[in-house]
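Comments concern the structure below.
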Amino acid sequence: GVEVVATGRLTTYPGQSKYQIVIEALEPAGIGALMALLEERRKTLAAEGLFDEGRKKPLPYLPRVIGVVTSPTGAVIRDILHRLTDRFPVRVLVWPVRVQGDTAAAEVAAAIHGFNALSPAGPIPRPDVVIVARGGGSLEDLWSFNEEIVVRAAAESAIPLISAVGHETDWTLIDQAADRRAPTPTAAAEIAVPVRSELLAAVDTLAARHRGATGRLIETARRDLLAAARALPRADDLLAIPRRTVDDLGSRLGRGLIANARTHRVAFERSAARLSVSGLKRFVGQGRERVANLDARRRQAFLVLSQRRRAEMTATARRLRPEPIVERLAGERRRLADAGSTSERSLRLLIAQKRDRVAALDQLLRSLSYRSVLARGYALVRAGDRPVHSAAEVGAGATLDIEFHDGRVSAETTSGTPARKPSRKPPVPPGTQGSLF
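Positions 147 to 583 (our numbering) are the ones given, in order, by the sequence shown.
Pasting the structure below:
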C-alpha cells in the first residue's frame, strides 16, 4: 500500500507485448514520503529520550480542574464534556485551537505552554491534567500532531498530558510523547476521572464497616467494665462482720457485769449476818466503791472498744473510696478513644489503597479487552476461525460469523470475489514497535 517512485531500465520482448523494468532506485512518493518523514522524525525524537517511559508522569486520581486543547466547534468537546458530566463532574477549561491546517501545530503547542504558565493560585486555576483531543482523519489531516513543535511541547509539559487524537487505529507522535494515550476523546475523559457513584458506594461500605467495628469494640469494653464493677464487694458486706462482732461483745459485757454484781450481792448477803454494823457499813462502803470502780472500768472499756472498732471501720471505709474506680473508668475511656482514632486512620489508608487498586485494574481491563471497541458500535467479522480484514478475503456464498457487543449472528454473502488464502505474517515480538512500512 506504499506509493513509490521507481527509477530503472525498461526492456521489451519483440512479438510478445511483454515489458520488463530493472529498478535501480526506489523512493517513497505521496503518502509514502510522509511515512518516511514520520519514521525519520520519530527516530530522531526517540534518540533524544522524548518517548522514554521513565519520564512520563502519573495522572492525578481526582483532578479538580481539567484543561482541554481542541476545536471549540467540533463534536469532540461535546463528547468529552458529556462523559465528564456522567462520570465525575469537574471544572473544565477549554483552550480553543485549530486542529487542522498550517497554523494548527503552533496553536496546539502554544495552548500546552499556556496551560503550564498558569499559576495555581491565580484567577484562572492551573489544570491538574491536560487533554489534547481531535477526531479521526487521514494522515494528512492528523499531520499537525506529528510536528516537532507539538511533540516537544507535550514532552516538556509539567502538567500530566493525555493525547486523544483520531480513532483507536490512528497513531501520531504526540501519542508517544504524552503521559497517557487514549484511543478516542471519550476514552480520554474516562481515563481522566473515575466514576463518582462507584466511589461513593465504596466509601459508604467502608464507613458502615467502620461504624460496626467501633460499636462492637465499645460494647465489648462496656461489658468488661460492668463485669469488673460486679466483682467489687459492697461496703455493707465488708462492715457486716465487724458490726456483728461489736454488737456481740457489747451484749456479752453487759450480761457479765450484771452476773458479777449478782454473785457479789449473794456473797454479801451471806456474810451480812456475821458482820457487825460498823464493819458491815465499812464493807458496804468498800463494796460500793468497788462496784463504782468496776462500773467506771466497764464504761471506760466499752468506750475504748467502741473507739477502736470505729477507727477500724473508718479505715475500712477509706479503703473503699470510689476514686480508684473512677480513675480506672477514665483510663478505659481514653484507651477506647485512642483505639477509635487508630481504626479510623487504618480505614482511611485502606480506602486509598483499594481506590488505587480498583483504578489500576479498571484501566488494565479497558486497555486489554477488544470488547470496548465493540461497545462503541464496531463489529468483529470471522470466516471460520480467522478474522476477516477486507472484502477481498470473502467470496460469494461464504458463511460469516459477526460478533457485536451484545451477541453474535451468522450471515451468508451473496456477492464478492473468490476468497484467497492470505499469506501468513511473521509474528511480531511482544513489547516492540512494528514497522511503519
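In this text, a Cβ means the ideal position worked out from N, Cα and C, and glycines have one as well.
It should be emphasised that the depicted structure is a prediction, and the values quoted were computed from it without experimental measurement.
- Annotated three-state conformation of R155 is strand, per DSSP.
- Between the region 479 to 497 and the region 511 to 529 there are fewer than three inter-stretch CB-CB distances shorter than 8 Å, so the stretches are not counted as touching.
- As computed with DSSP, E549 is found in a beta bridge with L526 and R554.
- In terms of Cβ geometry, I270 and L264 form a close pair [threshold 9 Å].
- Bridge pairing for W241: V215 [DSSP].
- Taking all protein chains in view, the Cβ of E473 is surrounded by fewer than 16 other Cβ atoms within 10 Å, so the residue is classified as exposed.
- Beyond the five residues adjoining it in sequence on each side, R528 comes within less than 6 Å, by CB distance, of D547 in the same chain, given in chain order.
- At least 9 Å separates the beta-carbon of S309 from that of A335.
- Within its own chain, the residues whose Cβ lies closer than 6 Å to the Cβ of V211, once the five positions on either side in sequence are excluded, are R237, P271, P273 and D274, listed in chain order.
- When C-alpha distances from V276 are compared across E199, A538 and A299, the shortest belongs to A299.
- For T190, the closest C-alpha among the options L208, T157 and E294 is that of E294.
- Linking A438 to G431 through their CA atoms gives a straight-line distance of about 10 Å.
- In the three-state reduction of the DSSP assignment, A310 falls in the strand class, which pools E and B.
- Distance from D325 to L205 at the Cβ level is roughly 7 Å; contact confirmed, criterion being Cβ atoms closer than 8 Å.
- Contact annotation: L285 and L352 have beta-carbon atoms that are not nearer than 9 Å.
- The region 248 to 336 is shown to contain whole alpha helix (DSSP H) runs of 4 or more residues at 250 to 263, 294 to 302 and 319 to 323, in chain order.
- E478 places its beta carbon less than 9 Å from that of A367.
- Cα atoms of R443 and R464: separation of roughly 31 Å, rounded to the nearest angstrom.
- The DSSP-derived three-state label of Q166 is strand.
- Listed as beta-bridge partners of P340 by DSSP are no residues whatsoever.
- In the structure shown, P204 falls within a coil segment according to DSSP collapsed to helix, strand and coil.
- T157 is not a Cβ neighbour of I169, given a cutoff of 9 Å.
- Nearest to L319 by alpha-carbon distance, out of F197, S561, R455 and R503, is F197.
- Going by DSSP, R224 is part of the alpha helix (DSSP H) stretching over A221 to R233.
- In the displayed model, L475 falls within a helix according to three-state DSSP.
- Taking all protein chains shown into account, G213 has 16 or more neighbouring C-beta atoms within 10 Å of its C-beta and is therefore buried.
- If you compare the alpha carbons of V243, G247, Y207 and E199 with that of T219, the shortest gap goes to V243.
- Rounded to whole angstroms, A252 and F261 show a C-alpha spacing of 14 Å.
- DSSP, reduced to helix, strand and coil, places A544 outside both helices and strands of the structure shown, so it counts as coil.
- Excluding sequence positions up to five before and after Y165, its CB lies within less than 8 Å of the CB of L156, T157, T158 and Y159, all in the same chain and listed in chain order.
- Taken through DSSP and simplified to helix, strand or coil, L196 comes out as coil.
- In the three-state DSSP reduction, A521 falls in the coil class, being neither helix nor strand.
- Excluding residues up to 5 positions away in sequence, E558 lie with their Cβ nearer than 6 Å to the Cβ of T545 in the same chain.
- Buried is the label assigned to V311, since at least 16 other Cβ atoms lie within 10 Å of its Cβ.
- With respect to the C-alpha of Y207, the residue from R554, K500, S518 and L395 having the closest C-alpha is K500.
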